[in-house]
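Here is the structure we will look at, set down as structure tokens.
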Ligand code: SF4
Ligand code: FE
């Protein structure tokens, strides 16, 4: 069976020996680094749940390529049921980690590239799809984590890739030979990059003919020569170095983003899935974005479940759980959270097969899903902070709480209801702080805004897919201006 254990996954990362920089240093052992390890634990959780009987239906699937049981994170969706289960899997993972678990970007890249390479070959006579499917089989058989790498640095946003003062601000092909291509550039905000075995690179925007060197897609092992990583900081990240796990709010799990630099990296032809076919870049970006916008209707909802639970628990610890306005705020949070889930499920159940057989989500509903995600988690976070109270941002550290002289005073004066230990109250407040202001807020708040494309990107897609002409026609018929065709 092609499923790794969590330990096998973590050991496989050690063997990669990636070049990771953080705080101005090359990190020798990044797998055990206290700032990085929670993000590895979050990915490892996907391996753990796949082996758990209770979650097998969500975390695993039957490969359409090999017939083997594989991780759903490496699966090509074969039905709307697969699309729905994907969203349910991501909600479950969000509930279990309360963080970004990083593995979805690669899944979304694989599914987008599958249909696009098929349609590109059919139109242009290229031979990318066969190569691509071989790569997917390799990923499935070895249960690998894939970093789906789309976002370029982009420099001056008013200029096209080929017009930039520095031509490397979008990743590009700098040499082509009979063996393969050499690429140069960078990918920013790369979720889970340091925890991945493979990087699947895609162009970041629709390219015109003059930008054809930037129309490139390929997969490369994450430790290929010329690739290195600069780890992204998160709010309050150095709390993980203080030896006071309570102060982190979520000591076990976390997300991860890194800047990935491609310093003239060679990619053999077997791993190249697009090279200068600029006509298909728009389709690839659109499909990848739609899958990832669907994803947010799962992962953010799962993390939202934890935040709502924390708000309800702290209301009890504070002795206000029965107040009518608190109950109403909790209802509002649930309403917002389930609306996001409804959008994730809706765009999945309205999915349809592409020419390659792989299912795609409904593009309009996926964009509506993500546009709601740019707003609702902020309101849920605001309500959680409202219920938590000011102590969330003024309470002393765990070390004070453990101090032999000061500790008893904190135990006494920071207590809520008599039946709940003070430590439980402080832990719950730290969890809410983590998700609204700390490391967890990267995944829950800011990523809700900008991840899978900033709100304007969804508005552009919604405007394009809205079909206002059809709606105007409906109005003309009802208003008696136009007759309905029989
Ligand atoms: Fe997955 Fe959500 Fe993280 Fe994206 S933000 S990688 S969908 S957990
Ligand atoms: Fe994301």
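In the working numbering, the protein residues as written are 152 to 637. No residue lacks a Cβ here, since even glycine has one placed at the ideal position from N, Cα and C.
According to DSSP, residue pairing for residue 314 in a beta bridge does not occur.
Judged by DSSP in its simplified three-state form, residue 184 adopts coil rather than helix or strand. Per DSSP, residue 337 lies in no alpha helix (DSSP H) segment; the continuous beta strand (DSSP E) that holds it begins and ends at 331-342. Secondary structure at residue 559: helix, using DSSP grouped into helix, strand and coil. Annotation: the continuous beta strand (DSSP E) that includes residue 416 extends over 408-419. If you check the C-beta of residue 447 against ligand 1, you find a heavy atom less than 7 Å away.
For a cut-off of 8 Å, the C-beta gap from residue 445 to residue 351 is around 18 Å, too long to register as a contact. Relative to the non-hydrogen atoms of ligand 1, the Cβ of residue 253 comes within a distance shorter than 7 Å of at least one.
Contact annotation: residue 300 and residue 411 have beta-carbon atoms nearer than 8 Å. Taking the CA atoms as reference points, residue 225 sits about 10 Å from residue 293. For residue 502, the CB stays at least 7 Å from every heavy atom of ligand 2. The shortest CA-to-CA distance from residue 594 to any of 514, 482 and 405 is the one to 405. If you check the C-beta of residue 467 against ligand 1, you find no heavy atom less than 7 Å away.
One Cα belongs to residue 316, the other to residue 214, and the distance between them is close to 45 Å. Pairing residue 553 with residue 542, the inter-Cα distance amounts to about 18 Å.
Proximity to residue 416 across 335, 590, 558 and 208 peaks at 335, based on C-alpha coordinates.
In this structure residue 325 is not in contact with residue 468, their Cβ atoms being roughly 59 Å apart against a cut-off of 8 Å. The secondary-structure analysis by DSSP pairs residue 327 across a beta bridge with 332.
Under the DSSP assignment, residue 467 falls in the alpha helix (DSSP H) whose first and last residues are 432-469. The three-state reading of DSSP puts residue 479 in helix, counting H, G and I together.
Ligand 2 has a heavy atom closer than 7 Å to the beta-carbon of residue 598. As the crow flies, the alpha-carbon of residue 435 is around 7 Å from that of residue 264. For ligand 1, a non-hydrogen atom lies closer than 7 Å to the CB of residue 443. Exclusion of the five residues before and after residue 635 leaves 628 as the residues of its chain whose Cβ lies within less than 7 Å of its Cβ. With fewer than 16 other beta carbons inside 10 angstroms of its own, residue 564 counts as exposed.
Contact check for residue 235 and residue 500: beta-carbon distance about 6 Å, within the 8 Å limit, so the pair qualifies. In this structure, residue 449 places its C-beta atom within 8 Å of the C-beta atom of residue 237. Where residue 245 is concerned, the enclosing alpha helix (DSSP H) starts and stops at 231-248.
Proximity of the beta carbon of residue 450 to ligand 1 is indicated: a heavy atom of the ligand is located closer than 7 Å. Taken through DSSP and simplified to helix, strand or coil, residue 227 comes out as coil. With respect to residue 194, residue 286 sits apart: the two C-beta atoms are not nearer than 8 Å.
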